[in-house]
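Structure, as structure tokens:
This is how it looks when you write it as structure tokens:
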């Protein structure tokens with residue numbers, strides 16, 4: 001009888017994290033895999049409260065190439081890699097699955113594979129279409145490497161296309177029948193600040209928009225945007241409730257979907273909650289919807 005494969009998933013985990021990591025873990029467990037979730041979002045207290053502020057002061061003084069945390073075990077990168085190695089040493093996975101997320105040095109990935117006899121190390125770039133050089137550099141350390149968009153690589157590279165879209169009824173679900181839906185929000189948008197998003201939202205002056213996401217509150221001088229902001233984050237059941245009680249849920253991609261491929265999670269998350277999705281156009285939508 002074959003034993004269940006042991007898999008470590010490295011991504012952000014916790015109640016205030018994008019749930020793609022937990023969704024992958026849930027799916028793999030249902031397939032019979034033994035899964036350990038490693039939170040790559042963990043930070044060193046020394047890096048957060050000492051190194052980062054000190055580096056900002058030094059770099060503001062013109063010394064932009066100086067990083068006083070480099071080489072320290074309390075540097076965030078070194079700290080995470082040390083904790084991941086401890087997890088690998090204890091769990092002894094057959095597969096290490098890294099969602100990017102926070103990445104790891106190529107030499108370190110090679111070291112883990114050889115030192116702990118990991119059968120396969122798989123990477124998945126779940127960021128938007130940018131930082132192509134970094135994506136290519138990191139992919140060289142993996143047995144298989146995937147990307148949610150088609151930009152910056154070809155069929156001749158070792159990167160393969162794998163979109164991060166699915167109907168996740170565990171994390172997103174319908175709470176009300178359509179004839180009993182208690183609409184409490186006219187228009188909602190959930191996502192961090194990007195200039196492209198701000199320009200779109202500034203045009204919605206005749207609508208009551210509820211805005212949730214990081215960095216929007218910094219736009220205090222833009223009264224039109226600032227009045228829309230309800231909170232810097234919303235997760236879990238609160239997010240499900242928001243989508244279920246919104247008349248319109250917006251999807252504004254961080255990148256220009258007219259020129260770049262790739263779809264973000266809202267494209268499936270919002271309809272799964274039964275909300276009306278208004279999204280920017282992408283040719284990739286034709287793979288999932290009748291247009």
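Residue numbers (the working numbering): 1 to 291.
Each residue gets a CB set at the ideal place from its N, CA and C atoms; glycine is no exception.
Note that the coordinates shown come from a computational prediction; the quantities given were computed from them, not determined experimentally.
Status (buried if at least 16 other CB within 10 Å, exposed otherwise) for residue i
i, result
"residue 199", "exposed"
"residue 32", "exposed"
"residue 257", "buried"
"residue 208", "exposed"
"residue 79", "buried"
"residue 266", "buried"
"residue 178", "exposed"
"residue 15", "exposed"
"residue 211", "buried"
"residue 123", "buried"
"residue 221", "exposed"
"residue 282", "buried"
"residue 90", "exposed"
Bridge partners - residue i, DSSP secondary structure assignment
i, result
"residue 124", "99, 146"
"residue 279", "251"
"residue 231", "212"
"residue 185", "246"
"residue 37", "9"
"residue 161", "147"
"residue 190", "212"
Contacting residues, own chain, Cβ-Cβ under 8 Å from residue i (five flanking each side not counted)
i, result
"residue 304", "Because the chain spans 1 through 291 in this model, residue 304 falls outside it and cannot be assessed."
"residue 1", "At residue 1 the pLDDT is 47, less than 50, meaning the model places this residue with poor confidence; the figure from the coordinates comes in the next sentence. Excluding residues within five positions, none has a Cβ falling inside 8 Å."
"residue 151", "129, 132, 260, 261, 262"
"residue 174", "244, 272, 273, 274"
"residue 165", "263, 265, 267, 268, 288"
"residue 20", "11, 99, 126, 164, 265"
"residue 28", "7, 9, 35"
Cβ-Cβ distance between residue i and residue j below 7 Å
i, j, result
"residue 141", "residue 106", "yes"
"residue 275", "residue 243", "yes"
"residue 272", "residue 183", "no"
"residue 167", "residue 249", "no"
"residue 186", "residue 230", "no"
"residue 261", "residue 280", "no"
"residue 7", "residue 24", "no"
"residue 99", "residue 38", "no"
"residue 197", "residue 234", "no"
"residue 236", "residue 214", "no"
"residue 232", "residue 219", "no"
"residue 108", "residue 81", "yes"
"residue 158", "residue 139", "yes"
"residue 170", "residue 77", "no"
Same chain, Cβ closer than 6 Å to residue i, neighbours up to 5 away in sequence not counted
i, result
"residue 41", "12"
"residue 270", "243, 249, 277"
"residue 160", "146"
"residue 103", "138"
"residue 34", "4, 6"
"residue 144", "122"
"residue 228", "209, 211"
"residue 101", "11, 40"
"residue 163", "148"
"residue 110", "141"
Residue i beta carbon near the ligand ADP (any heavy atom closer than 6 Å)
i, result
"residue 268", "Here there are no bound small molecules, and the ligand ADP is not part of this structure."
Chain C within 7 Å of residue i, Cβ atoms only
i, result
"residue 289", "The structure shown contains no chain C; it is built from a single protein chain."
Own chain, CB closer than 7 Å to residue i, minus 5 neighbours either side, in chain order
i, result
"residue 202", "224, 225"
"residue 240", "172, 173, 175, 273"
"residue 194", "254"
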